[in-house]
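For reference, the structure discussed in these notes is given below.
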Amino acid sequence: MNWAAPQHGFADAAMIAAIVVFATAGDILIAAAMRAIGDLDEIRGRSGLGGAVAAVLMNAKFVSGVFFMALSFFSLLFALSHADLSLVAPAATSLTFVTNAVAAKFFLKENVDKRRWIAALFVCAGVVFMSF
Amino acid sequence: MTFRRYLVLAVVALTAPVGDTLLSLGMKQVGPISLDHLSTLITAVGTPQILLGIALLICFFASYLASLSWADLTFVLPATSIGNVIVALLAKFWLHEQISPWRWIGILLITAGVGFVTQGPSYTETAKEEPQLQGAEVRQS
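Residue numbers (the numbering used here), protein chains in the order written: chain A, 323 to 454; chain B, 20 to 160.
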């Protein structure tokens with residue numbers, strides 16, 4: 323990992339922050355869309371695969387979520403062409419676990435209990451350790 | 020949670036890390052991209068590794084959407100992080116790569132985190148749905 327290179331530190335942090343912010347916005351919007359749409363298996367049972375695909379694609383939150391996911395994806399590609407995968411992937415992935423837990427609690431009103439906080443923090447720390 | 024749903028979570032878990040690794044391999048081939056030539060990002064999509072990576076990430080996305088339709092985001096994300104552990108174990112026992120003690124600690128932490136979250140409920144029932152149903156019953160009566 324390249325933590326000790328101050329000249330690249332700010333640029334790396336900015337690229338990672340962009341990935342995390344866009345990914346979190348995308349995840350929250352898509353999760354909100356899927357919650358509003360309901361169980362896809364049930365929709366497929368009632369209206370077929372085409373009906374399930376149409377229900378997803380016609381949802382405005384889903385489309386906005388995909389837009390933010392695309393921004394996150396191109397930010398990742400951009401970051402990977404400048405910084406090491408061993409820095410970008412674990413940092414972005416682990417931070418996204420925490421930002422998603424916070425955003426899911428406030429925006430999706432999910433029941434983020436002690437068990438889920440511990441899980442998010444364990445996975446976050448685990449992803450960092452895996453990069454060493 | 021049925022077996023089929025655990026299977027969907029397994030697809031989410033495996034396709035994401037393998038797809039990301041293929042993207043990384045592809046972008047290493049393309050080389051650094053400057054801010055003045057951002058259009059190179061579009062042409063980079065034609066690289067075989069990136070194409071395969073994108074195909075896997077499409078599989079990931081479809082199964083991810085399905086899982087979010089019956090489980091919380093804060094359940095799906097930690098539960099599917101076991102994919103990182105599976106990839107590391109494949110690297111160790113299939114590719115005979117060395118796994119440092121730090122990585123073993125990471126594997127233990129992720130596995131513990133997955134264990135924690137999968138013991139709990141997978142979906143938060145919102146109170147919003149009940150008044151709508153009650154309202155519908157009142158209208159029907």
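Think of the CB as a built atom: it goes at the ideal place given N, C-alpha and C, for glycine as much as any other residue.
Check                                                                                                                                                                                                                               : Outcome
Which residue's Cα is closest to the Cα of A:VAL424: B:LEU127, B:LEU92, B:LEU87, B:ILE69?                                                                                                                                           : B:LEU92
Suppose you measure from the CA of B:ILE105 to the CA of B:TRP123; what does that come to, to the nearest Å?                                                                                                                        : 12 Å
Pull out every residue of the segment 398 to 417 of chain A whose Cβ sits closer than 7 Å to any Cβ of chain B, in chain order.                                                                                                     : LEU399, PHE400, LEU402, SER403, HIS404, LEU407, ALA411
Can you pull the chain C residues whose beta carbon is under 8 Å from the beta carbon of B:ALA63, in chain order?                                                                                                                   : Going by chain labels, chain C is absent from the structure shown, which instead holds the protein chains A and B.
Name the chain A residues that come within less than 8 Å of B:ALA85, Cβ to Cβ?                                                                                                                                                      : LEU362, ASP363
With 8 Å set as the bound, which would you pick, yes or no: does the beta-carbon of A:ILE341 sit closer than that to a beta-carbon of chain B?                                                                                      : no
Step through the CB atoms of chain A and report whether any lies within less than 8 Å of the CB of B:THR66.                                                                                                                         : no
Is A:ALA354 closer than 8 Å to A:ILE365 when the C-beta atoms are compared?                                                                                                                                                         : no
By the criterion of Cβ-Cβ separation under 7 Å, what are the contact partners of B:SER43 in chain A?                                                                                                                                : LEU402, LEU407
Output yes or no for whether 8 Å exceeds the beta carbon distance between A:MET391 and A:GLY348.                                                                                                                                    : yes
What did DSSP end up calling A:PHE380 once you bin it into helix, strand or coil?                                                                                                                                                   : Correcting the residue type first, residue 380 of chain A is Met in the shown sequence and not Phe. If DSSP states are grouped into helix, strand and coil, A:MET380 belongs with coil.
Kindly indicate if chain A contains any beta-carbon less than 8 Å away from that of B:ALA155.                                                                                                                                       : Residue placement at B:ALA155 cannot be trusted, given a pLDDT of 41 that sits under 50; what the coordinates show is reported in the next sentence. So, not an interface residue.
Rounded to whole angstroms, what is the Cα-Cα separation between B:SER141 and A:SER369?                                                                                                                                             : 25 Å
Between B:ALA7 and the rest of its own chain, which residues show a CB-CB distance below 7 Å, the 5 nearest in sequence each way excluded?                                                                                          : Residue 7 of chain B lies beyond the stretch modelled for chain B, which goes from 20 to 160, so this question has no answer here.
Cβ closer than 7 Å: which chain A residues qualify as neighbours of B:ILE52?                                                                                                                                                        : PHE400, SER403
Counting only runs that start and end within the segment 357 to 409 of chain A, where is the alpha helix (DSSP H) found for 4 or more residues in a row?                                                                            : 362 to 379, 382 to 402
For the ligand NAP, is there any heavy atom lying closer than 7 Å to the beta carbon of A:ASN422?                                                                                                                                   : Although the ligand NAP was asked about, the structure shown includes no ligands whatsoever.
Using 8 Å as the cut-off, can you tell me whether the segment 30 to 43 of chain B makes contact with the segment 118 to 132 of chain B, which would need three or more C-beta pairs spanning the two stretches below that distance? : no
How about B:VAL136 and B:ILE101: do their beta carbons lie closer than 8 Å?                                                                                                                                                         : no
With DSSP collapsed to three states, give me the class of A:PRO412.                                                                                                                                                                 : helix
From A:ALA442, A:VAL420, A:GLY448, A:LEU398, pick the residue whose C-alpha is nearest to that of B:PRO51; which is it?                                                                                                             : A:LEU398
Consider the Cβ of B:SER100: report whether some Cβ of chain A lies at a distance smaller than 8 Å.                                                                                                                                 : yes
So which residues of chain A does B:ILE124 contact, with C-beta pairs closer than 7 Å?                                                                                                                                              : PHE451
Please list, in chain order, all residues of the same chain as A:ALA336 whose beta carbon is under 7 Å from its beta carbon, the five residues on each side excluded.                                                               : none
Thinking just about the alpha-carbon of each residue, which of A:ALA340, A:PHE344, A:ARG438, A:PHE444 is nearest to the one in A:VAL388?                                                                                            : A:PHE344
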